[in-house]
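Protein sequence lines correspond, in order, to chains Z and G. Note that our numbering has the first sequence beginning at 34, numbered continuously upward. Note that our numbering has the second sequence beginning at 341, numbered continuously upward. Yeah, the Cβ is synthetic: ideal placement off N, Cα and C, and Gly gets one too. Computed from a predicted structure; not experimentally measured.
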Amino acid sequence: MPDTMTPLWEVFIRPRNGLHHKHVGSLHAADASLAIQSARDVYTRRGEGNSIWVVPSSQISASDPSSGKEMFDPADDKVYRHPTFYDIPDEVGNM
Amino acid sequence: MTGAAIFHSHLFEAVLQLADDHLILGHRVSEWCGHAPMLEEDLGLANMALDLLGQSRALYAYAAQIEDAGRSEDDLAFLRVELQYQNCLLVERPNGDFAHSILRQLYFAAFMHPFWQHVAACSNDETLRGIAGKAEKEMAYHLRHSAEWVVRLGDGTEESAVRMKNAIDDLHHYTDELFQGSPALAACAEDGVLPDVATLRPAWTSTIAGVFAQGLLEMPEVAHPQTGGRMGEHGEEMGHILSELQYMQRTYPNLQW
């Protein structure tokens, strides 16, 4: 089967209610509904989730790896942006 | 094996027939493992094979319990001779190409899904209701998955449509047997344990007609339905299935794993 008939899809699974869908991998499928079925067979065989999203890989816009330095390095030396300098009251619980 | 001295209730016979259907089809579908047209479908087919084998295990275990003659589910699954297997002919048909296999799956799932739905809702047999509760969900998925493929192959490329039509020509005349049942199945229907299989035909026909309409396929007329499996009369291929299926138990008797 030529690749053009079964384009690539990115698969996102939500493990439990209240959590986010998380990217788990990709697969080839002819269309969205077959992609969801294949995702069920490939990625939820061990009870990994209760909801599936699929997105055509061609629809994802990605940052350019070659501009990685200007995009991400400036954040490296700004530790004060991490919320680690505050005392969190016990009542607040996990953050 | 003892055999002749044992009285076999119609419940035992009916459960065994269902178990044989699921074992033989599960084995057939498992033959695809590692050979499917694409990785995604390889896993999908293996999943379906495992569902069917799981259902057959539950049914054989129940049959062994009803018989209460010291035979285990393994004895029933692996240590009978060909004439004693009472699966319908549809499930033993060779895999052929992917169109044949997925159409066979559609025909069987479109029958078993309403069958298990009925058992889960109406049967007065608690064990079978339990088996049906799980099987119903699995067959709903088999039905959906195989139907999606039949539509796409029927309404796909020129070649896929030809292959789908050939599969219908080769397999449709094995579907009548599903609704003929057997004396044991009829007796269980009388007792309110299982549905009367003849009454499932309209639902099956409308499911298949709906899928075929979407896939631009035609429902064929069947002049000469093929039957005999329920009486142990099988096609030549059945011997080949059993020689592979029974090899381990015959070579290493009482093997457990």
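Can you look up residue i in the DSSP assignment and give me helix, strand or coil?
i	result
L556 (chain G)	coil
F45 (chain Z)	strand
H61 (chain Z)	strand
V87 (chain Z)	strand
K134 (chain Z)	The displayed coordinates of chain Z run from 34 to 128. Any statement about residue 134 (chain Z) would go beyond what the structure contains.
H56 (chain Z)	strand
M588 (chain G)	helix
D391 (chain G)	helix
M38 (chain Z)	helix
R601 (chain G)	Since the first residue shown for chain G is 341 and the last is 597, residue 601 (chain G) is missing from the structure and cannot be characterised.
V674 (chain G)	Outside the modelled stretch of chain G, which goes from 341 to 597, sits residue 674 (chain G), for which no answer is possible.
N50 (chain Z)	coil
A376 (chain G)	coil
H564 (chain G)	coil
I121 (chain Z)	coil
D437 (chain G)	coil
W456 (chain G)	helix
W597 (chain G)	coil
S522 (chain G)	coil
I581 (chain G)	helix
A344 (chain G)	Note that A344 (chain G) has pLDDT 45, beneath the 50 cutoff, so the model's placement of it is unreliable and the number below is only indicative. Residue state, collapsed to three classes: coil.
What do you reckon, are the CB atoms on residue i and residue j nearer than 9 Å?
i	j	result
A439 (chain G)	L493 (chain G)	yes
P593 (chain G)	D509 (chain G)	no
D74 (chain Z)	G384 (chain G)	yes
T547 (chain G)	L443 (chain G)	no
F451 (chain G)	W544 (chain G)	yes
H453 (chain G)	A480 (chain G)	yes
Q405 (chain G)	Q357 (chain G)	no
H348 (chain G)	E413 (chain G)	no
E43 (chain Z)	P116 (chain Z)	no
V87 (chain Z)	A72 (chain Z)	yes
D495 (chain G)	Q554 (chain G)	yes
E353 (chain G)	S522 (chain G)	yes
Can you list the residues of chain Z that residue i reaches, using a CB-CB cut of under 9 Å?
i	result
G384 (chain G)	Q70, S71, R73, D74 and V75
Among the options, which residue has its Cα nearest to the Cα of residue i?
i	options	result
L52 (chain Z)	Z:A95, Z:R78, Z:S84 and Z:T39	Z:S84
Q457 (chain G)	G:I471, G:R444, G:L446 and G:Y447	G:I471
Q520 (chain G)	G:L511, G:E530, G:T539 and G:M504	G:T539
V502 (chain G)	G:L556, G:F455 and G:A354	G:L556
H574 (chain G)	G:H348, G:S370 and G:Q424	G:Q424
L429 (chain G)	G:W597, G:L363 and G:P535	G:L363
S441 (chain G)	G:E381, G:R420 and G:H350	G:E381
F45 (chain Z)	Z:T37, Z:T77 and Z:T39	Z:T77
V491 (chain G)	G:P434, G:H375 and G:A549	G:A549
Q589 (chain G)	G:V431, G:P523 and G:L419	G:L419
R368 (chain G)	G:L416, G:Q596 and G:A386	G:A386
E558 (chain G)	G:E432, G:S396, G:A507 and G:P377	G:A507
V57 (chain Z)	Z:V112, Z:D97 and Z:E81	Z:E81
So with CB distances below 7 Å, who are the chain Z contacts of residue i?
i	result
H485 (chain G)	Q70
Going along chain Z in order, which residues have a C-beta closer than 8 Å to the C-beta of residue i?
i	result
N387 (chain G)	D74 and R78
Give me the chain G residues within the contact set of residue i, using Cβ-Cβ distance strictly less than 8 Å, ordered along the chain.
i	result
T39 (chain Z)	M378
What residues in the stretch 45 to 66 of chain Z have a beta carbon less than 7 Å from any beta carbon of chain G? From the stretch 45 to 66 of chain Z, only L60, H61, A62, A63 and S66 have a Cβ closer than 7 Å to chain G.
To be precise: take each residue of the stretch 70 to 90 of chain Z, compare its Cβ to all Cβ atoms of chain G, and keep it if any distance is under 9 Å. Which residues remain? Q70, S71, A72, R73, D74, V75 and R78
Which residues of the stretch 488 to 522 of chain G have a Cβ closer than 7 Å to any Cβ of chain Z? Give them in chain order. E488 and R492
Please identify, using Cβ separations under 9 Å, the residues of the stretch 368 to 381 of chain G that lie next to chain Z, in order along the chain. Answer in chain order: P377, M378, L379, E380 and E381.
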